[in-house]
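Beneath this line is the structure, given in structure tokens, with notes to follow.
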Amino acid sequence: MKPKIPQSKKRLITVSLMAIVVAILISFIAKFLMFIIGFITQLSFYGKVAMTTDTNPSLNHLGIWVIFIPAIGGLVVGLMALYGSQAIRGHGIPEAMEQILTNKSKIKPTIVYLKPISSAIAIGTGGPFGAEGPIIATGGALGSTLGQILKISNNERKILLAAGAAAGMATIFGSPVSSIFLAIELLLFEFSPRSIIPVALACITGAAGHHLFFGQGPVFPMAAMVSMPSNTALLWYSIMGIILGFFSILATKSVFWVEDLFAKIPISWFWYPAIGGLIAGIIGYFAPRTLGVGYFNITDILTGSLPITLLLSLSILKFLSWTIALGSGTSGGTLAPLLTIGGAAGLLFGMVINHYFPHSGINLPLAALIGMSALFAGASRALLTSIIFAIESTGQSNALLPLLASCSAAYFISFFFMKYTIMTEKIARKGVKIPESYEPDILEKILVAQVTKSNTMVMHASDKVNTVKDLILRDNQHLNYFMVRSDDGEYIGYLSVMDLFGNHPDEQQIGSLITGKNEVFIQDSDNLLTALKLLLKKDKEAIPVKNDGGKYVGLLTYKDILSAYQINQGEFIKTNPSISLKRRGLRILAKGSQYIQERRQRHPDR
């Protein structure tokens, strides 16, 4: 006999296939985005009409006129936000997080084309951003749109959103593993097979798209494989992580401080990106390498041989340019700027340490790589993403231990000294509560059999109303529901005590009070979360329980579920009011409790 595939696994296969389709589409969109950025860069800075992925505006010969090009790009983005959608503003990931947490993972379909076009204009005209943020936002919007068209559940739509976003990152950087962790740490807020499998398949597909469109080697190749560091070097790398942790706080606070300053300017907000672009252009006039995506900057930094003056320019002036431009509300990514700034800062720290402590064991290219990852780990608190991304994008497997040490140190500083991250500050200001941990739902860990009362009151259909009332008042004063069987022992249904104490003749048989056999039941081997969802879906206050042999063994009620939740959570709820477990579990439980209260208010005589 062929084994029956559970419906949940069938849905998982369906969602996984959808995720692969989204990843294929986002791979082509990523290639198109890079072409458009290159086209606009060539047109803006060199006056050429060419379809290319060359995005290096630093070699232009425009002189003073270079100042105005980013301002023009910012003006166009502002107009697109004004007449298109304000959702194109920002660097993508916070906006996706907000839709997941507040809007059932529904993103406007227009973002699928408005976001990449606006970002291509902002970056192609010299905006100091990366292409990864826009493509992550576009992938999320594409997954969300597909979910809305197909009318799937909110959770499945969230998975598609995360799969599209992660596939976008995998396509740009060829980093499928870190893209999976990005989805887990910043978008999914859970770790389960139903979400990981579709996201993993999407990231594999995105990485295949990267190999097809952008090549198969590391996106940031390093000249030589770094050697395993000594314990002394590990200590210094950890100290670097601490310093960069404080630097990540400065970077995060600076962006939102600038954003607050822009909000005080007494003109319409759609001018802000033009003003930010003008300042970026002024900085770009003095430091041309701060313009545009600057992925080549990252590769050059990882050589460990850039002069100090250039490193200071990339770490300070790039920081100022990016902070002001992003704070103005234009469209662009944060990962590439953070990698550039952090890499330059890390290389500078490595040079200083080697100068004053010649036997420190610091490897300068590795110091640059650590600076990149530690700054991103501190600013985003995506710890695992930061570590794995550095290894995947450079192929430096020996860097794992120093990356773990430095990124953990930066994460530690960020966690203890900064309430929100560069990804969550904006949505936290809107009053959105961000989950801080990915605890499994306690209701998923408790089986129905563990809480179903074996002493559920069972009455016969022929029993009289007054007899059952007397029995309940005498021995079962806290009873809410009881089961009803036929005289030959067959289950008929259940009754609530409120229904029993309605206006019924004393001699009426209770079997006549049941309007129809309740065909809805739950297995005692199922968990409480499954039972609760079934109660809400069927609009029931209680549900009969069957064992594996098909025998009815009791009733499960909202009160039973609430009691089990309270007992198993204990003081944990009081000390962790913002955990995702409480958000999901209590929200559903509150809905059920509210239903019961409303019913009692409608029928006070019962």
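Numbered according to the numbering used here, the sequence shown spans residues 695 to 1300. A virtual CB, placed ideally from N, CA and C, is assigned to each residue, including glycine.
Backbone CA spacing between G732 and P892 [nearest angstrom]:
Here residue 732 corresponds to residue number 38 of the sequence shown, with the count starting at 1. Here residue 892 corresponds to residue number 198 of the sequence shown, with the count starting at 1. Distance between the alpha carbons of G732 and P892: 32 Å.
Start and end of the alpha helix (DSSP H) containing V716?
What you label residue 716 is simply residue 22 of the sequence shown in a count that begins at 1. It spans 701 to 740 - the alpha helix (DSSP H) in which V716 sits, taken as one unbroken run.
Original post:
When the Cα of L929 is compared with those of I1186, A1061, N1174, which residue comes out closest?
Top reply: Here residue 929 is taken as the residue at index 235 of the sequence shown, counted from 1. Of I1186, A1061, N1174, the residue nearest in Cα terms is A1061.
Around the C-beta of K1120, are 16 or more other C-beta atoms found within 10 angstroms, so that it is buried, or is it exposed? Walking along the sequence shown from the start, residue 1120 turns up at place 426. K1120 should be labelled buried.
| said: Using only CA atoms, which one of G757, M919, K1234 lies nearest to T1088? | reply: Position 394 of the sequence shown, counted from the first residue, corresponds to residue 1088. Cα-wise, what sits closest to T1088 is M919.
*Minimum C-alpha distance to D1182 - residue among T819, N1174, S1156*: Within the sequence shown, numbered from 1, the residue matching residue 1182 stands at position 488. Nearest C-alpha to D1182: S1156.
- Count the other C-beta atoms from every protein chain shown that fall within 10 angstroms of the C-beta of P828, then say buried if there are 16 or more, exposed otherwise. Looking up residue 828 in the sequence shown gives position 134. Buried is the call here.
Find the nearest neighbour of A744 within the set T735, A957, V913, judged by alpha-carbon distance. In the sequence shown, residue 744 corresponds to position 50, counting from 1. Closest by alpha carbon: T735.
(request) Count the other C-beta atoms from every protein chain shown that fall within 10 angstroms of the C-beta of A984, then say buried if there are 16 or more, exposed otherwise. (result) Here residue 984 refers to the residue found at position 290 of the sequence shown. A small correction: the amino acid at residue 984 is Thr; Ala does not occupy that position in the sequence shown. Result: buried.
**Prompt:** Can you pull the DSSP bridge partners for R1179?
**Reply:** Sequence index remark: in the sequence shown, residue 1179 carries index 485 (1-based). Beta-bridge pairing links R1179 to H1154, Y1185.
Throw me the rounded Cβ distance for the I794 and L854 pair, which I believe falls under 8 Å.
-> On the sequence shown, position 100 is the one that residue 794 refers to. On the sequence shown, position 160 is the one that residue 854 refers to. Going by Cβ atoms, the distance from I794 to L854 rounds to 11 Å, so no, they are not a contact pair.
* Let me know if F1051 comes out buried or exposed under the rule of 16 or more other beta-carbons within 10 Å of its beta-carbon. => For this step, residue 1051 is matched to residue 357 along the sequence shown. Per the 10 Å Cβ criterion, exposed.
Check your understanding: What are the boundary residues of the beta strand (DSSP E) that P828 is part of?
Key -> Your numbering for residue 828 matches position 134 in the sequence shown. Careful: P828 lies outside any beta strand (DSSP E), inside the alpha helix (DSSP H) at 826 to 844.
Could you give the first and the last residue of the continuous beta strand (DSSP E) run that contains T1302?
The structure shown does not extend to residue 1302, since the chain spans only 695 to 1300, so no value can be given for it.
- Query: From N925 to I720, what does the alpha carbon distance come to, in whole angstroms?
  - Reply: Indexing the sequence shown from 1 puts residue 925 at position 231. Indexing the sequence shown from 1 puts residue 720 at position 26. Cα to Cα, N925 sits roughly 43 Å from I720.
Assign W759 to buried or exposed, taking buried as 16 or more other Cβ atoms, counted over all protein chains shown, within 10 Å of its Cβ.
-> On the sequence shown, position 65 is the one that residue 759 refers to. Result: exposed.
Original post:
Unbroken alpha helix (DSSP H) runs of length 4 or more, entirely within the segment 1014 to 1095: which are they?
Top reply: 1029 to 1050, 1058 to 1074, 1077 to 1088
Hey, quick one: how far does the alpha helix (DSSP H) through A1236 stretch, first residue to last?
-> For the purposes of this step, residue 1236 is taken as the residue at position 542 of the sequence shown. Careful: A1236 lies outside any alpha helix (DSSP H), inside the beta strand (DSSP E) at 1236 to 1240.
Q) Opposite N1197 in the DSSP bridges: which residues? A) Here residue 1197 refers to the residue found at position 503 when the sequence shown is read from its first residue. For N1197, which the question treats as bridged, DSSP gives no partner whatsoever.
Practice problem: Starting from the C-beta of L1078, find all residues in its chain whose C-beta is less than 6 Å away, skip the five residues before and the five after it, and write them out in chain order. | Solution: In the sequence shown, counting from the first residue as 1, residue 1078 sits at position 384. Excluding positions up to five away in sequence, the list reads F875.
Note to self: Here's the rule: buried if 16 or more other CB atoms are within 10 angstroms of the residue's CB, otherwise exposed. What is M1153?
What the structure shows: Here residue 1153 corresponds to residue number 459 of the sequence shown, with the count starting at 1. Per the 10 Å Cβ criterion, buried.
Practice task
Quick one: using the 10 Å Cβ neighbour count with 16 as the cut-off for buried, is G1244 buried or exposed?
Solution key: By one-based count along the sequence shown, residue 1244 stands at place 550. Exposed, since its Cβ has fewer than 16 Cβ neighbours within 10 Å.
query = Can P967 and G768 be called in contact, C-beta distance under 8 Å?
reply = In the sequence shown, the residue the question calls residue 967 occupies position 273. In the sequence shown, the residue the question calls residue 768 occupies position 74. Closer than 8 Å, so yes.
> Do you know how far the Cα of A974 is from the Cα of T1034?
Replying inline: Within the sequence shown, numbered from 1, the residue matching residue 1034 stands at position 340. Within the sequence shown, numbered from 1, the residue matching residue 974 stands at position 280. So the alpha carbons of these two residues sit roughly 16 Å apart.
### Task
Could you check if K725 is buried or exposed, using at least 16 other CB atoms within 10 Å of its CB as the buried criterion?
Translated into the one-based positions of the sequence shown, residue 725 becomes position 31. Label assigned to K725: buried.
Go ahead and label I1002 buried or exposed: buried means 16 or more other beta carbons lie within 10 angstroms of its beta carbon, across all protein chains shown.
By 1-based counting over the sequence shown, the position of residue 1002 is 308. That one is exposed.
* Leaving out the 5 sequence neighbours to the left and right, which residues in its chain are closer than 8 Å to P887 when beta-carbon positions are compared? -> By one-based count along the sequence shown, residue 887 stands at place 193. Cβ within range, chain order: L706.
message = Whole angstroms are fine: how far does the CA of K1231 sit from the CA of V1214?
response = Position 520 of the sequence shown holds residue 1214. Position 537 of the sequence shown holds residue 1231. About 11 Å.
Next item on the list: Examine the Cβ distances between the segment 1031 to 1046 and the segment 1065 to 1072 and report whether three or more of them are shorter than 8 Å.
Entry: yes
Using a Cβ distance threshold of 8 Å, determine whether the segment 933 to 946 contacts the segment 778 to 793, with at least three qualifying pairs required. no
* To do: List in chain order: all unbroken alpha helix (DSSP H) runs of 4+ residues lying wholly within the segment 929 to 981.
  => 966 to 980
Quick check on this structure: which residue in L1029, D1200, D1242 has the alpha carbon closest to the alpha carbon of I830? Taking the first residue of the sequence shown as 1, we reach residue 830 at position 136. Out of L1029, D1200, D1242, L1029 has the C-alpha closest to the C-alpha of I830.
**Item:** Per DSSP, cross-strand counterpart(s) of S1307
**Value:** Shown here, the chain extends from 695 to 1300; a query on residue 1307 therefore has no answer.
Note to self: For I1107, tell me which candidate among R1075, E1138, T1118 has the shortest Cα-Cα distance.
What the structure shows: The count along the sequence shown starts at 1 and reaches residue 1107 at position 413. The candidate whose alpha carbon is nearest that of I1107 is R1075.
How big is the Cα-Cα spacing for L1014 and L1032?
Within the sequence shown, residue 1014 is the residue found at index 320, counting from 1. Within the sequence shown, residue 1032 is the residue found at index 338, counting from 1. So the alpha carbons of these two residues sit roughly 12 Å apart.
Quick one: Cα of Q701 to Cα of Q842, how far?
-> Translated into the one-based positions of the sequence shown, residue 701 becomes position 7. Translated into the one-based positions of the sequence shown, residue 842 becomes position 148. Answer to the nearest angstrom: the Cα atoms are 21 Å apart.
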